[in-house]
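For the sequence shown, the positions run 192 to 453 when the numbering used here is used.
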Amino acid sequence: MLAEMLVWVGTQASKPARQLGYARAAVSLWSRRRRWTREWAEHEANTRDFALKTADACRHLDTVWLLGGGTLSDLPLAELSGLFKRVLVFDIAWLPQARALARRWPNVELRLADVSGVVLPLSEWRLGMPLPIPTAEAMKELDPVPPDCVLSLNLLSQLPLLPMEYVQRQGMTMQSAETFGRAILQAHLQGLQDFTCPVGLTADARRIWRSRAGEIVLSESAVLGVKLPAPEKTWHWPVAPRGEIDNETGLEITVEASRLNA
Ligand SMILES: C[S@@+](CC[C@H](N)C(=O)[O-])C[C@H]1O[C@@H](n2cnc3c(N)ncnc32)[C@H](O)[C@@H]1O
């Protein structure tokens, strides 16, 4: 608990991002990963492999963008830093551990940014006001130099979660919050599609809850039913084994990896 508090204090996030809960979420991701390092290893290796496969297809090797850096555990930073001149990693909250790790590579730059573009306007939003409109253009503004490769890694399903929680706390119905959530997801997918360089996407597709006996208790879309691009590869990520959220059921995620503009 004390360790988590210290990490939270050292986590970098803007005031609106803190208000919506992103610093807290970053610490909880770090903490959960520490508890389940072994169980998450295969998922992280699959993500790194897929990112490299996408990068290998790039004709120009000036700048690569990584979206959703988190703990940096699922990013092949050493390899990408050797391949590209500039590696820009974006996240809305940066843990002190990630900032320390990234210093190993002089051409790796961690950028604090909201990839969805809705967090700042949302932090000023109250029920009855028009909601910010998520747009595909938000991503283009992350850096003035167009990238040669874009990797969106295990970020997509996370984009609508805290915005949806926030609007519901302000009194919005779950149904309207979900419509807003879908718009955020669709804007990110459209934004990726609009790049002309190779784009790699790894995304949570389904959440599967399994009983002690291994039976499926519930299987639901991790992206509010939004259609994902056809996957090239699929794997299972035991994100919260039994005991993490519930003693009787464990949560596993079906991850889909796809390449756009390849
Ligand atoms: C599941 S983690 C990705 C896994 C991460 N690559 C790792 O190895 O830890 C999702 C990441 O997306 C980030 N994120 C969520 N919403 C975001 C937003 N609007 N803009 C930028 N990053 C966001 C979170 O802060 C978190 O670090």
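Here a beta-carbon is modelled for each residue, glycine too, at the ideal position from N, C-alpha and C.
Check: Among the residues of its own chain, which have a CB less than 8 Å from the CB of Met355, if the five just before and after it don't count?
Finding: Ala368, Glu369, Phe371, Gly372
Notebook entry, point to check: Apart from the five residues just before and just after Glu447, which ones in its own chain have a Cβ nearer than 7 Å to its Cβ?
Noted result: Ala394, Ala396, Leu419, Pro422, Thr425
Check: If you follow the beta strand (DSSP E) that Asp395 is part of, which residue opens it and which one closes it?
Finding: 390-402
Next item on the list: Could you please give the first and the last residue of the uninterrupted alpha helix (DSSP H) stretch that includes Ala448?
Entry: No alpha helix (DSSP H) contains Ala448, which is instead part of the beta strand (DSSP E) from 440-451.
Notebook entry, point to check: Does the beta-carbon distance from Leu268 to Val299 come in below 8 Å?
Noted result: yes
Next item on the list: Taking Ala214 as the reference, give the member of Leu263, Leu193, Leu286, Glu270 with the closest Cα.
Entry: Leu286
Note to self: Any heavy atom of ligand 1 inside 7 Å of the beta-carbon of Asp265?
What the structure shows: yes
Checklist line | 6 Å Cβ shell around Glu411 - same chain, five flanking residues per side excluded | finding: Arg398
Margin query: Cutting at 6 Å between CB atoms, please list the residues of its own chain near Trp256, excluding the five before and the five after it.
Written below: Leu279, Pro338, Val341
Margin query: Quick check: does the Cβ of Asp305 come within less than 7 Å of any heavy atom belonging to ligand 1?
Written below: yes
Notebook entry, point to check: Is Tyr213 near ligand 1, in the sense that its beta carbon is under 7 Å from a heavy atom of that ligand?
Noted result: yes
Notebook entry, point to check: In whole angstroms, what separates the C-alpha of Leu303 from that of Lys206?
Noted result: 12 Å
Checklist line | Cβ-based neighbour list, Leu243, same chain, cut-off 7 Å, excluding 5 preceding and 5 following | finding: Pro267, Glu270
Notebook entry, point to check: Is any heavy atom of ligand 1 found at a distance shorter than 7 Å from the C-beta of Asp282?
Noted result: yes
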